[in-house]
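Asks:
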Amino acid sequence: MQIQANPFHYDFDLARTALVIIDMQRDFIEPGGFGETLGNDVSLLAAIVPACQAVLGAWRAAGGLVVHTREAHCADLSDCPPAKRNRGNPSLRIGDAGPMGRILVAGESGNQIIPQLAPVAGEIVLDKPGKGAFYATPLHNLLQQAEVTHLVFMGVTTEVCVQTSMREANDRGYDGLLLEDCTESYFPQFKAAAVEMMRAQGAIVGWTATSAQMLATLAASQG
Ligand code: C5J
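Using the numbering used here, read the sequence shown as starting at 205 and increasing by one per residue.
(1) Here's the rule: buried if 16 or more other CB atoms are within 10 angstroms of the residue's CB, otherwise exposed. What is residue 376?
(2) If you scan the region 361-391 from start to end, which runs of the beta strand (DSSP E) of 3 or more residues do you find wholly inside it?
(3) Between residue 271 and the ligand C5J, is the CB less than 7 Å from at least one heavy atom?
(4) If the criterion is Cβ atoms closer than 8 Å, does the pair residue 207 and residue 370 meet it?
(5) Looking only at its chain, what residues have a beta carbon closer than 6 Å to the beta carbon of residue 409, apart from the 5 residues adjacent to it on each side?
(6) For a test of your reading of the model: does the CB of residue 278 fall under 7 Å from any non-hydrogen atom of the ligand C5J? Yes or no.
(7) Mind listing, in chain order, the continuous alpha helix (DSSP H) runs of no fewer than 4 residues lying wholly within the region 289-372?
(8) Could you please give the first and the last residue of the uninterrupted alpha helix (DSSP H) stretch that includes residue 249?
(9) Measure the C-alpha to C-alpha separation of residue 211 and residue 412 and round it to an integer number of angstroms.
(10) Is there at least one non-hydrogen atom of the ligand C5J closer than 7 Å to the beta-carbon of residue 227?
(11) Quick check: what's the CA-CA separation for residue 386 versus residue 360?
(12) Which first and last residues belong to the beta strand (DSSP E) in which residue 224 is found?
(13) If you draw a straight line from the alpha carbon of residue 313 to that of residue 330, how long is it in whole angstroms?
(14) Quick check: the Cα distance between residue 389 and residue 426, rounded to an integer number of angstroms?
(15) Comparing the CB of residue 275 with every heavy atom of the ligand C5J, is any distance shorter than 7 Å?
(16) Classify residue 213 as buried or exposed, calling it buried when 16 or more other Cβ atoms lie within 10 Å of its own Cβ.
(17) Hey, how far is the Cα of residue 328 from the Cα of residue 266?
(18) Please tell me whether, using a cut-off of 7 Å, the distance from the CB of residue 256 to the nearest non-hydrogen atom of the ligand C5J is below it.
(19) Evaluate the contact criterion for the region 220-231 versus the region 350-367: three or more CB pairs, one atom per stretch, below 8 Å.
(20) With a threshold of 16 other CB atoms inside 10 Å of the CB of residue 235, please say whether the residue is buried or exposed.
(21) CB residue 421 to CB residue 398, shorter than 8 Å?
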């Protein structure tokens, strides 16, 4: 399959490509979670949900592998460095009790992936304690076992967990494509800059395309 992506075409074999959905969890998208404790307007992020749903539905219909991540710490916070927990001046810190349970703690209701994008049986769901999806997770091993070479990214936030994950993937030898309208930031100018810098210099980190381009490519492949 081929998408007329930016800065040039992106070729991929669906059997060797995973759709990686970064941190589409209530903590970042709904009021009362980690995103809001940091002072952000979370309503901006909800706008990408319909485009993410459309791509996820088409990807599943085509039989592609799906990976969901959640930024999550274990209940005793042993995987949360004090530097992460103590930084800044949030209204609630990681591990504190908030309206959707303990902030960024695995198993709490705020830590669940939003219902519109909820994982189904057979999909990989990974809790990650860092910003990158490869740090302290089995993701690379799982992808290698599945002989995956290409990764299509969606999720939040563009310049934090999505960009970090895409850079980690790039350094591990994957060809990454970011779906521009399926990722969002609390800061539109940071999203724009992150998208530009990833595809600059001949796709130095990876490619970008739109959900419409991906949907058209998947539809064409279904004949
Ligand atoms: C942040 C993320 N922004 N998923 N996490 O802290 O981007």
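Heads up, the beta-carbon is just placed ideally off N, CA and C, and yes, glycines get one too. Note that the coordinates shown come from a computational prediction; the quantities given were computed from them, not determined experimentally.
Replies: Once the coordinates are examined:
(1) For the purposes of this step, residue 376 is identified with residue 172 of the sequence shown, where counting begins at 1. The residue is exposed, with fewer than 16 neighbouring Cβ atoms inside 10 Å.
(2) 379-388
(3) The residue you call residue 271 lines up with position 67 of the sequence shown. No - the ligand C5J has no heavy atom lying nearer than 7 Å to the Cβ of residue 271.
(4) Taking the first residue of the sequence shown as position 1, residue 207 is located at position 3. Taking the first residue of the sequence shown as position 1, residue 370 is located at position 166. Not in contact: residue 207 and residue 370 (Cβ atoms no closer than 8 Å).
(5) In the sequence shown, residue 409 corresponds to position 205, counting from 1. Excluding positions up to five away in sequence, the list reads 370, 371, 374 and 402.
(6) For the purposes of this step, residue 278 is taken as residue 74 along the sequence shown, with counting starting at 1. Every heavy atom of the ligand C5J is 7 Å or more from the Cβ of residue 278, so no.
(7) Within the region 289-372, the complete alpha helix (DSSP H) runs of at least 4 residues are 343-349.
(8) Position 45 of the sequence shown, counting from 1, holds the residue named residue 249. Here the alpha helix (DSSP H) through residue 249 covers 247-250.
(9) The residue given as residue 211 occupies position 7 in the sequence shown. The residue given as residue 412 occupies position 208 in the sequence shown. Straight-line Cα distance between these residues: approximately 7 Å.
(10) Counted from its first residue, the sequence shown places residue 227 at position 23. The answer is yes for residue 227.
(11) As a first step, residue 386 must be located in the sequence shown, where it is residue number 182. As a first step, residue 360 must be located in the sequence shown, where it is residue number 156. Rounded to the nearest angstrom, the gap between the Cα atoms of residue 386 and residue 360 is 9 Å.
(12) Numbered from its first residue, the sequence shown carries residue 224 at position 20. Looking at the DSSP string, the run of the beta strand (DSSP E) that includes residue 224 is 221-226.
(13) Locating residue 313 in the sequence shown gives position 109, counting from the first residue. Locating residue 330 in the sequence shown gives position 126, counting from the first residue. Near 16 Å, if we compare the C-alpha coordinates of residue 330 and residue 313.
(14) The sequence position of residue 389 within the sequence shown is 185, counting from 1. The sequence position of residue 426 within the sequence shown is 222, counting from 1. About 33 Å.
(15) Within the sequence shown, numbered from 1, the residue matching residue 275 stands at position 71. The answer is yes for residue 275.
(16) Reading the sequence shown from its first residue, position 9 is the one you call residue 213. Per the 10 Å Cβ criterion, exposed.
(17) The residue labelled residue 328 in the question sits at position 124 within the sequence shown. The residue labelled residue 266 in the question sits at position 62 within the sequence shown. Roughly 17 Å between the two C-alpha positions.
(18) For this step, residue 256 is matched to residue 52 along the sequence shown. No.
(19) With the cut-off at 8 Å, the region 220-231 and the region 350-367 touch.
(20) Within the sequence shown, numbered from 1, the residue matching residue 235 stands at position 31. It is exposed - the Cβ of residue 235 has fewer than 16 other Cβ atoms within 10 Å.
(21) As a first step, residue 421 is located in the sequence shown; it is residue number 217 there, counting from the start. As a first step, residue 398 is located in the sequence shown; it is residue number 194 there, counting from the start. Not closer than 8 Å, so no.
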